[in-house]
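Sequences listed follow chains F and U, in order.
Heads up, the numbering used here is the position in the first sequence plus 6, with the first residue counted as 1.
Heads up, the numbering used here is the position in the second sequence plus 2, with the first residue counted as 1.
C-beta: ideal position from N, C-alpha, C; glycine also.
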Amino acid sequence: MPAICVIIVSVLLSVTGSAAQSGLITRDEALAAVFPGADVEAERVFLTSDQTKRAAALSGGEVPTALVARYVARRGEEVVGRAYVDTHVVRTKRESLLISLDPAGRVRRIDVTAFLEPREYQGAERWFRQYDGKPLDDDLALQRAIRPIAGATLTAVAANTAVRRVLAIDHVLEADSAR
Amino acid sequence: MTSDCRCVLGIVLILGLAGAGSVDRAFAQSTGDSGETVVEAPSSDGGQRTGSDSGSEDEEGNEVDVSELERRLEVLAEEVERLRSGEDSEIELTEQEVRALGLAPSAAATYRRSQGVSIAGYGEMLFENFAAENQAGDPTGKGSQFDFLRAIFYAGYRFNDKFLFNSEIEIEHADEIFVEFAYLDYLVHENLGIRGGMVLMPMGLVNEFHEPTVFFGTERPVTEQVIIPSTWRENGGGIHGSVDMVSYRAFVVNGLVGSRFSANGIRSGRQKGSKAQAANMAFTGRVDVTPTPGMFFGASLYTGGSGQGDVVIDNTEFDIQTTIFDLHGQAQIRGFDLRGLYARASIGDAAELNQSLGLSGAAGVAETMQGGYFQVGYDVLSQVSGNRGVSLTPYVRLEQVDTQATMPAGFVRSLTTDNTYTTLGVEVKPIPNIVLKADYAWVSNDAETLINQFNVNLGYAF
Chain F
7 MPAICVIIVS VLLSVTGSAA QSGLITRDEA LAAVFPGADV EAERVFLTSD
57 QTKRAAALSG GEVPTALVAR YVARRGEEVV GRAYVDTHVV RTKRESLLIS
107 LDPAGRVRRI DVTAFLEPRE YQGAERWFRQ YDGKPLDDDL ALQRAIRPIA
157 GATLTAVAAN TAVRRVLAID HVLEADSAR
Chain U
3 MTSDCRCVLG IVLILGLAGA GSVDRAFAQS TGDSGETVVE APSSDGGQRT
53 GSDSGSEDEE GNEVDVSELE RRLEVLAEEV ERLRSGEDSE IELTEQEVRA
103 LGLAPSAAAT YRRSQGVSIA GYGEMLFENF AAENQAGDPT GKGSQFDFLR
153 AIFYAGYRFN DKFLFNSEIE IEHADEIFVE FAYLDYLVHE NLGIRGGMVL
203 MPMGLVNEFH EPTVFFGTER PVTEQVIIPS TWRENGGGIH GSVDMVSYRA
253 FVVNGLVGSR FSANGIRSGR QKGSKAQAAN MAFTGRVDVT PTPGMFFGAS
303 LYTGGSGQGD VVIDNTEFDI QTTIFDLHGQ AQIRGFDLRG LYARASIGDA
353 AELNQSLGLS GAAGVAETMQ GGYFQVGYDV LSQVSGNRGV SLTPYVRLEQ
403 VDTQATMPAG FVRSLTTDNT YTTLGVEVKP IPNIVLKADY AWVSNDAETL
453 INQFNVNLGY AF
């Protein structure tokens, strides 16, 4: 009986809980965790046609929009990282990933900020950790450096495509910035 | 209006603001500011971003505050990006926006909630060509069969962050309709959910993940047809969730119907949620451990009575306690895909069940049944750069199933129930959602009654 009471109380409490308990994280929470103490500036970058084409060629996939949501983290004058939001369709519904990079353009961390498919298809945090420290190269692919998610192949495919796309966009923007 | 529609609306507004001189003029008149220039300047990163704090004159000499225009463009771009992301389930509209929609506040409520409907599906078509002779060399006369095995639609609805509905409606063989599952989920916590309705039994590797793009083989493993009778679903409810590398599910459901068991397994004992007899309930659950992505192993259990009040001898009712457990594992690493499963079912009061059913000799229901398989596949394109997601995977599956592993006293085993299967095949996925499989199955038993067969399967999932 005490166990049942505990369950009932926890259920009642959870009814009044916040959306944050849904297992997703907000952009601000994720950025604060990835770049602690840094000043994070939000930017919306409009890719040129040429940049879009180059990013698509680099990623090996499509770059479906020229509007890119980007964050640049600085400590003082030093850029300590960048982050991008990539929104894509998994099956029929959308997922948004906040993909944070280190200054060299390698993946630092990936957070799921929106997932509109049933939760069982969502990639676990541990699965996304495979990407930590990975640069954009041929090995950044499912069944190569990245192992798939059992029973959620489409989620894994969508996420890997998104990571490659973000790394390619970042590479193009950084290359143009250095010119 | 969907979020996508709102995105389009936002883009149109952006384009309108950026391009319409009338907007510029109206705005310039409202502010009256002037200043210096600049429109779109390449950003430091090379992308195009909005420019600096300045104003200019348009072609007709009207003063334009470019900085304010850019601010508006930035606000709209942010809004479009936010709407596109799907991060906000509630989109707040200002009073002005509500009026702009031409709707009363209640009618405008539709625009405040992103749509929760989710549609998906899968299907598979199977061509079977049976050998002309069975193991013993006797003519089979079975020929070939072409079946649209399954056409399935998933429909779900997310009421809010806590509650959702999910369902799978199946049309089998093009003319039989079933509900494969239909449940409500309540997300108590990130690590705990409560589920109620018609649920899939959390058993084995295939029962919960039975889309043709997920498992090797033109047909599901036999073990997961007769020992774990996938697709196995019953009415009930329970909990599910995961904590770090451990995931779990535990449900209480209506029990099987033992009076439908046979020498060939328990498959006919499923009630499939239709006016299910519930005199005997059952517990089912599983625990899986994922030590590293792409690899997991675990165990599943089902236990409960299957008598349902049907098995009564001399005024004594027998529960026909039925327990099924399995051990399973899967690893997908660098193009290799290895899977293995062992399942065992034990049936209490089997002698009494057989007596009740009038079965005797080798036709009786066994006390224990068991089966297992091991399979391996290798995607030969997985290590090829630039394959654009195409996979080509030869696979082999070795399987043995015995639905009369041990018999109750007074009954004997049939020579037809201990079967071995060796399946060799290949699957091609041009994209991850579509699969074409072809395989050949060599089968055998001591009675030499089985028939080899060649199969082709075309499947899809979205």
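Could you check what DSSP says for residue i in three-state terms: helix, strand or coil?
i: Lys431 of chain U; result: strand
i: Ser276 of chain U; result: coil
i: Arg262 of chain U; result: helix
i: Ile177 of chain F; result: Just to set this straight, residue 177 of chain F is His in the shown sequence, not Ile. Three-state result, His177 of chain F: helix.
i: Arg88 of chain F; result: strand
i: Phe376 of chain U; result: strand
i: Phe413 of chain U; result: coil
i: Gln136 of chain F; result: helix
i: Asn256 of chain U; result: strand
i: Glu68 of chain F; result: coil
i: Val386 of chain U; result: coil
i: Cys9 of chain U; result: Unreliable positioning characterises Cys9 of chain U in this predicted model, as indicated by a pLDDT of 44, which lies under 50. The coordinate reading is nonetheless provided below. DSSP places Cys9 of chain U in helix when its eight states are reduced to three.
i: Gln128 of chain F; result: coil
i: Gln357 of chain U; result: helix
i: Gly158 of chain U; result: strand
i: Asp56 of chain F; result: helix
i: Glu226 of chain U; result: helix
i: Val96 of chain F; result: coil
i: Asp182 of chain F; result: helix
i: Leu148 of chain F; result: strand
i: Gly111 of chain F; result: coil
At a CB-CB cut-off below 8 Å, which residues of chain F make contact with residue i?
i: Glu429 of chain U; result: What Glu429 of chain U touches in chain F: nothing, since even the nearest Cβ is about 13 Å away.
If the cut is a Cβ gap below 7 Å, which residues of chain U does residue i touch?
i: Ala75 of chain F; result: Glu83
i: Ser106 of chain F; result: The premise fails here: Ser106 of chain F is roughly 16 Å from chain U at the closest Cβ pair, so nothing lies under 7 Å.
i: Gly139 of chain F; result: Simply none; closest approach about 15 Å.
i: Asp214 of chain F; result: One cannot answer for residue 214 of chain F here, as it falls past the ends of chain F, which runs 7 to 185.
i: Pro154 of chain F; result: Gly296 and Gln334
Can you say whether residue i is buried or exposed, counting buried as having 16 or more other CB atoms within 10 angstroms of its CB?
i: His330 of chain U; result: buried
i: Val259 of chain U; result: buried
i: Asp441 of chain U; result: buried
i: Asp404 of chain U; result: buried
i: Gln2 of chain U; result: What the structure shows of chain U is the stretch from 3 to 464, and residue 2 of chain U is not part of that stretch, so it cannot be assessed.
i: Ser183 of chain F; result: exposed
i: Glu236 of chain U; result: buried
i: Asp92 of chain F; result: buried
i: Thr292 of chain U; result: buried
i: Leu417 of chain U; result: exposed
i: Ser362 of chain U; result: exposed
i: Ile349 of chain U; result: buried
i: Asp117 of chain F; result: buried
i: Glu354 of chain U; result: buried
i: Pro141 of chain U; result: exposed
i: Arg336 of chain U; result: exposed
i: Val437 of chain U; result: buried
i: Phe161 of chain U; result: exposed
i: Asp149 of chain U; result: exposed
i: Thr395 of chain U; result: buried
Counting only Cβ pairs nearer than 7 Å, list the residues of chain F close to residue i.
i: Ala122 of chain U; result: Arg97 and Thr98
i: Met247 of chain U; result: Arg132
i: Glu89 of chain U; result: Ser102, Thr119 and Ala120
i: Ala79 of chain U; result: Arg50 and Leu73
i: Arg86 of chain U; result: Thr93
Is it the case that the CB of residue i approaches a heavy atom of the ligand COA more closely than 8 Å?
i: Asp34 of chain F; result: In the structure on display, the ligand COA does not appear, and there are no ligands present to speak of.
Starting from residue i, find everything on chain U with Cβ-Cβ shorter than 8 Å and list it in chain order.
i: Ser55 of chain F; result: Per Cβ cutoff of 8 Å: no residues; Ser55 of chain F is ~10 Å from chain U at best.
i: Gly66 of chain F; result: Gly388 and Arg390
i: Gln136 of chain F; result: Pro295
i: Val163 of chain F; result: Gly391 and Pro434
i: Arg150 of chain F; result: Arg336, Gly337, Ser384 and Gln385
Quick one: which chain F residues come within Cβ less than 9 Å of residue i?
i: Thr215 of chain U; result: Thr159 and Leu160
i: Gly198 of chain U; result: Going along chain F, no residue has its Cβ under 9 Å from Gly198 of chain U, so there is no contact; the nearest lies around 12 Å.
Kindly list, in the order they appear in chain U, the residues whose Cβ is closer than 9 Å to that of residue i.
i: Ala123 of chain F; result: As written in the sequence, residue 123 of chain F is Glu, which differs from the Ala given in the question. Chain U residues near Glu123 of chain F: Ser120, Ala122 and Gly158.
message: Closer than 8 Å is the cut-off here; do at least three beta carbon pairs connect the segment 354-366 of chain U with the segment 402-413 of chain U?
response: Taking 8 Å as the limit for Cβ pairs, the verdict is that the segment 402-413 of chain U does touch the segment 354-366 of chain U.
Those runs of the beta strand (DSSP E) which lie wholly inside the segment 114-154 of chain U and span at least 3 residues: Counting only unbroken stretches of 3 or more residues, the beta strand (DSSP E) elements lying wholly within the segment 114-154 of chain U are 119-132, in sequence order.
- request: Give, in chain order, every unbroken run of the beta strand (DSSP E) that is at least 3 residues long and sits entirely within the segment 305-353 of chain U.
  value: With a minimum length of 3 residues, the continuous beta strand (DSSP E) runs that stay inside the segment 305-353 of chain U are 323-335 and 338-349.
task: State whether the segment 125-137 of chain F contacts the segment 160-168 of chain F, with contact taken as three or more CB pairs (one from each stretch) at a distance under 8 Å.
output: Output reads yes: the segment 160-168 of chain F touches the segment 125-137 of chain F.
- prompt: Within the chosen definition, does the segment 328-346 of chain U reach the segment 225-239 of chain U through at least 3 CB pairs nearer than 8 Å?
  reply: Yes, the segment 328-346 of chain U touches the segment 225-239 of chain U.
message: For the structure I just gave you, are there three or more beta carbon pairs, one from the segment 165-176 of chain F and one from the segment 136-145 of chain F, closer than 8 Å?
response: They touch, by the three-pair rule.
field: Three CB pairs or more closer than 8 Å across the segment 281-289 of chain U and the segment 241-257 of chain U
entry: In short, these stretches touch, since the Cβ pair count reaches three.
Cβ contact check for the segment 230-245 of chain U and the segment 200-215 of chain U: 3 or more pairs under 8 Å: Yes, the segment 230-245 of chain U is in contact with the segment 200-215 of chain U.
message: Suppose only complete runs of 3+ residues qualify. What are the beta strand (DSSP E) ranges in the segment 181-234 of chain U, listed by chain order?
response: You should have 194-202.
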